[in-house]
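Residue numbers (the numbering used here): 418 to 720. Glycine included, every Cβ here is placed at the ideal spot set by N, Cα and C. As the structure is a prediction and not an experimental result, all values here were calculated from the model.
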């Protein structure tokens with residue numbers, strides 16, 4: 418599931434492979450991209466840089482043209498040598514950017530747009546993003562300020578839903594949402610008005626630490642996850658890489674209680690938590706949330 422760390426690694430790999438190189442070929446299965454290429458061909462342009470912003474990947478071409486993509490749930494960028502067999506079928510291809518040495522292929526990309534610098538600032542969702550947790554200038558203090566500011570305007574918002582809001586903090590996805598709340602000991606269904614400044618600070622600090630550990634470039638003591646096995650526990654065992662996400666009905670790794678799952682927010686995203694390690698705080702007027710402890714059988718509604 419692409420989250421901010423996935424896109425960061427993809428952008429870094431694309432930058433290393435095609436950054437500074439001249440485009441020798443362009444192909445797309447998306448009509449709106451093809452129209453732009455017909456009017457202003459990419460061949461002959463230079464890939465000036467590739468960068469990530471939250472869950473967005475931006476490829477900057479010379480001549481003021483920017484390819485902006487969002488992977489949503491299933492999109493991905495692959496790199497191949499010319500003539501190398503693709504891992505996915507051509508019917509899943511959405512974009513191909515070729516240079517003399519590499520083919521950058523975007524598969525199953527649901528959102529792909531060309532922009533100029535001006536149109537990007539005017540009409541794209543990208544400028545509306547909150548601070549990118551993986552950016553060099555991100556600070557814990559700044560992240561806490563964003564959470565607190567949003568909380569003052571939306572005091573009843575559930576904290577895990579806020580963590581997913583890309584206009585508050587950019588980059589966190591559904592896995593990190595549950596893992597960060599667990600690490601901070603915060604029940605994910607608590608109204609943000611019940612979350613203390615210290616708890617906010619812990620969640621922001623953990624968000625930055627987890628995500629940075631998952632983009633370590635093959636060196637140091639961090640967590641390297643190029644195979645896609647995102648980790649938050651530091652365990653080398655693939656089956657023990659996460660604290661609560663996807664562990665509905667299993668024992669909490671800390672206290673032994675049963676990990677719960679419940680759908681949350683307007684998008685009904687699955688949220689996982691330990692009711693013992695993440696106690697409920699409802700200011701007395703609301704009952705603690707109840708989740709599903711057992712795993713529903715495949716095909717059942719609500720699984």
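Given residue 477, which residues of its chain have a CB within under 6 angstroms of its CB, disregarding the five upstream and five downstream residues? 465, 466, 483
Could you check the C-alpha separation between residue 554 and residue 425 for me, to the nearest Å? 15 angstroms
Residue range of the unbroken beta strand (DSSP E) whose run includes residue 680: 677-681
Range covered by the alpha helix (DSSP H) that runs through residue 629: 614-630
Below 6 angstroms CB to CB, which residues in the same chain sit around residue 583 once its five sequence neighbours on both sides are set aside? 471, 546
Three-state secondary structure assigned by DSSP to residue 491: coil
Spatial neighbours of residue 534 within its chain, please: CB distance less than 8 angstroms, with the 5 preceding and 5 following residues excluded, ordered by chain position. 481, 483
Can you grab the Cα-Cα spacing for the pair residue 522 / residue 485, in whole Å? 14 angstroms
One or two residues paired with residue 464 in a DSSP bridge: 478
In this structure, does DSSP put residue 704 in helix, strand or coil? coil
Which residues share a DSSP beta bridge with residue 530? 485
For the 8 angstroms Cβ check, are there 3 or more pairs between the stretch 665-680 and the stretch 560-577? no
Whole-angstrom C-beta distance between residue 620 and residue 422, which should lie under 8 angstroms: Their Cβ separation, rounded to whole angstroms, is 17 angstroms, which puts residue 422 and residue 620 out of contact at 8 angstroms.
Selection from 710, 606, 672 that minimises the alpha carbon distance to residue 703: 606
Please classify residue 501: does DSSP put it in a helix, a strand, or coil? coil
Of the choices 435, 474, 708, 705, whose alpha-carbon is the least far from that of residue 588? 474
According to DSSP, is residue 441 helix, strand or coil? coil
For residue 708, collect the residues of the same chain with a Cβ closer than 6 angstroms to its Cβ; drop the 5 residues on either side in sequence, then sort them by chain order. 677, 678, 679
Just to confirm my understanding: we take residue 461, look at its own chain, exclude 5 residues before and 5 after, and list those with CB closer than 8 angstroms. What are they? 439, 440
At least three beta-carbon pairs within less than 8 angstroms, the stretch 592-609 to the stretch 490-500: no
For residue 705, which option in 427, 570, 575 has the closest C-alpha, if you only look at C-alpha atoms? 575
Relative to the C-alpha of residue 431, which candidate in 506, 518, 445 has its C-alpha closest? 518
Residues bridged to residue 496 by DSSP? 521
Would you mind stating whether residue 693 and residue 672 have Cβ atoms separated by less than 8 angstroms? yes
Skipping 5 residues on each side, what residues in its chain have a beta carbon closer than 6 angstroms to that of residue 488? 419
On the three-state DSSP scale, how would you describe residue 557? helix
For residue 578, which three-state DSSP category applies? helix
Span of the alpha helix (DSSP H) holding residue 426? 421-435
For a test of the three-state rule: what should DSSP assign to residue 469, helix, strand or coil? strand
Here's the rule: buried if 16 or more other CB atoms are within 10 angstroms of the residue's CB, otherwise exposed. What is residue 644? Unreliable placement is indicated for residue 644, whose pLDDT of 44 sits below 50; the coordinate value is still reported in the next sentence. Residue 644 comes out exposed.
Give the straight-line distance between the Cα atoms of residue 614 and residue 631, rounded to the nearest whole angstrom. 26 angstroms
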